[in-house]
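So the structure is just underneath, and the comments pick up after that.
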Amino acid sequence: MTKLPDSVTNLLTMQVLDLSLCSHLTELPRDIRKLVNLKHLYLDPSVKLTHMPKGIGELASLQT
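Quick note: the sequence shown uses the numbering used here, first residue 282, plus one each step.
Quick look at the structure:
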């Protein structure tokens with residue numbers, strides 16, 4: 282999988298998004314900022330994202 286379906290951004294109460302087995306991922310949904318309850322985003326260390334969506338900085342609940 283290189284891209285998550287945009288529908289994932291409709292899961293407004295999601296707190297954990299584990300993409301650690303998605304090493305071929307190249308982009309995250311543009312509307313990821315809708316996931317206001319997201320606390321943890323796990324990415325594969327070798328993931329080759331071409332950019333981070335602008336709205337990711339608006340996720341106040343996101344922890345390191």
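Note that the Cβ used here is the ideal one computed from N, Cα and C, for glycine as well.
Around the C-beta of L306, 16 or more other C-beta atoms lie within 10 Å, and the residue is accordingly described as buried. Annotation: the continuous beta strand (DSSP E) that includes D299 extends over 297 to 300.
One thing to note: L309 has its Cβ within 8 Å of the Cβ of L330.
DSSP places H305 outside any beta strand (DSSP E), giving it a letter other than H or E. Taking all protein chains in view, the Cβ of T290 is crowded by 16 or more other Cβ atoms within 10 Å, so the residue is classified as buried.
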